[in-house]
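In what follows, a single structure is set out as structure tokens and then discussed.
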Amino acid sequence: ADGVGVAAAVLATPTEGGGMDVESGRTTPAGVSKMLNKDVKLEELSKYFHLPEKAVAKELGICLTSLKKLCRSYGITRWPFRKLKSLERTMKKVQTEQDAVSTQVPA
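Residues in the sequence shown are numbered from 430 upward in steps of one, following our numbering.
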């Protein structure tokens, strides 16, 4: 028996709570396959849009790549956090300008 065969056998052995990804040959951490099976519904995922991707992945207990795959399965090509923050800043700016104009106009 050569060392390559033994190493391949060890790598092909699923880890506790994880599984083997046949296509890539990598083992998957426990819970990743569960998350990729859309056990996290879009409605639940949308509750995290106000947080950065890394924070959401940590909160859900999955890696960032798995979160991105999950998002793609729902048609979310970009995580909306930064766009939402940008819109919030724009709305705050408009509100501030509107308040400034309303205080300047004599009643």
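Quick reminder that beta carbons are idealized off the backbone N, C-alpha and C, glycines included.
message: Just verifying my parser: in three-state terms, what is the DSSP assignment at residue 507?
response: Three-state result, residue 507: coil.
message: Considering just the uninterrupted stretch of the alpha helix (DSSP H) at residue 496, what are its terminal residues?
response: Note, residue 496: alpha helix (DSSP H), 493-502.
query: In this structure, does DSSP put residue 489 in helix, strand or coil?
result: Residue 489 falls in the helix class under three-state DSSP.
Beta-carbon proximity list for residue 512, same chain, < 6 Å, skipping 5 on both sides: Contacts found: none.
query: How would you call residue 515, buried or exposed, if buried means at least 16 neighbouring beta carbons within 10 angstroms?
result: Exposed, by the Cβ-count rule.
task: Spell out a yes or no on whether the stretch 468-481 and the stretch 499-510 are touching, meaning 3 or more CB-CB pairs, one atom from each, closer than 8 Å.
output: With the rule of 3 Cβ pairs closer than 8 Å, the stretch 468-481 counts as touching the stretch 499-510.
query: Taking the Cβ atom as the reference point for each residue, do residue 390 and residue 492 lie within a distance shorter than 9 Å?
result: Only positions 430 to 536 of the chain appear in this structure, which leaves residue 390 out of reach.
query: Given residue 471, which residues of its chain have a CB within under 7 Å of its CB, disregarding the five upstream and five downstream residues?
result: Spatial neighbours of residue 471 in its own chain (CB-CB distance under 7 Å, excluding positions within 5 residues in sequence) are listed in chain order as 503.
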